[in-house]
Amino acid sequence: MNPTPPRHPQASSSAGSSRSKPLDSGTSTLSILKVSSNSSLTPTIDPATPLSSSHVEDENIQKISHSAQPREVRDRFRDAKGDELFYRSYRSEEEDLGNIMDLVAQELSEPYNVYTYRYFLDEWPHLTFLVYPSQISKKAIAVIVCKQESHKGKTSRGYIAMLSVDKDWRRRGIASKLVGLAIVEMTRRGAHEVVLETEHDNLTSLALYDSLGFLREKRLQRFYSNGKDA
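In structure tokens:
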């Protein structure tokens, strides 16, 4: 997971953890996943076993506008070790921002300012998911933060901005589960593709996204503030 921030001063990201400027800045991305109603995303991206019927196959997803009123998503699943975990979508800054900042900060050598988080959370609260070890726990153990916008006026593009799992809960399939949740929700809202960036030598993140069907589209020279390529 990427420990360094990008060279760009605007709202940035840490997807697994990759950090970059927003997609609307016109940069090409390292990895891209095309999604369609004919593909079955869930078996590929979710190795954990769902415990309720709200976990659906891609072809059964009811398509809605990406600007539709957000709804809270809540459910549970078992991780790769068989532990039952609980996830939900973002609720409010008061309840969730501290958890998100603490988790993402584990991946970064320089912290984001609060406005970076608000950029994503205020506009796309329905595309942020947090995971908890129990229903009563107040401390999240994993988070994914995404956004979705029109791309070149033709397609709807989803973007994985931040992805972080607490170091004590890694290697349990939680990151894959979160990416799956995000892709399903973005697909429901009409996404044609999902994109992200990560450092070119971040082998753990590259392996994760390769396994989920992402394709490496372009290498970005000296994209990050530490001089590394994406």
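Going by full-length UniProt numbering, the residue at position 31 of the sequence shown is 31; the numbering climbs one at a time, nothing skipped.
We put the beta carbon where it would ideally sit given N, CA and C, even for glycine.
Let me know if residue i comes out buried or exposed under the rule of 16 or more other beta-carbons within 10 Å of its beta-carbon.
i, result
"isoleucine 136", "exposed"
"arginine 172", "buried"
"threonine 116", "buried"
"residue 231", "Outside the shown range of the chain, which is 1 to 230, sits residue 231, and nothing can be said about it."
"arginine 222", "The predicted model places arginine 222 with a pLDDT of 46, which falls under 50 and marks its position as unreliable, so this point remains unresolved."
"glutamate 94", "exposed"
"arginine 91", "exposed"
"serine 211", "exposed"
"valine 114", "exposed"
"serine 14", "Unreliable positioning characterises serine 14 in this predicted model, as indicated by a pLDDT of 48, which lies under 50. The coordinate reading is nonetheless provided below. Looking at its Cβ environment, which holds 16 or more other Cβ atoms inside 10 Å, serine 14 is buried."
"leucine 215", "exposed"
"aspartate 201", "exposed"
"serine 134", "exposed"
"arginine 74", "exposed"
Which residues does DSSP list as the beta-bridge partners of residue i?
i, result
"leucine 215", "Ile32"
"glutamate 193", "Lys34, Arg157"
"arginine 118", "Its beta-bridge partners do not exist; DSSP assigns none."
"valine 73", "Note: valine 73 sits in no beta bridge, so no partner."
"leucine 85", "Phe77"
"residue 232", "With the chain running from 1 to 230 in the structure shown, residue 232 is simply not present."
What are the start and end residues of the alpha helix (DSSP H) that includes residue i?
i, result
"lysine 177", "174-188"
"leucine 108", "Element bounds for leucine 108: n/a, residue is neither H nor E."
Assuming residue i contacts residue j under a Cβ cut-off of 8 Å, what Cβ separation, rounded to an integer in Å, is found between them?
i, j, result
"glutamate 72", "arginine 88", "6 Å"
"glutamate 199", "histidine 126", "At roughly 28 Å, the Cβ-Cβ gap does not stay under 8 Å, so glutamate 199 and histidine 126 are not in contact."
"leucine 178", "phenylalanine 129", "6 Å"
"asparagine 99", "lysine 139", "7 Å"
"glutamate 197", "isoleucine 32", "Actually they are not in contact, since the Cβ atoms of glutamate 197 and isoleucine 32 sit about 10 Å apart, beyond 8 Å."
"valine 131", "isoleucine 174", "6 Å"
Just curious, the beta strand (DSSP E) that residue i is in, first and last residue?
i, result
"residue 232", "The first residue shown for the chain is 1 and the last is 230, placing residue 232 beyond what the model contains."
"tyrosine 132", "128-132"
For the structure I just gave you, are there three or more beta carbon pairs, one from the stretch 151-161 and one from the stretch 89-104, closer than 8 Å?
The stretch 89-104 and the stretch 151-161 do not touch, with fewer than three beta-carbon pairs separated by less than 8 Å.
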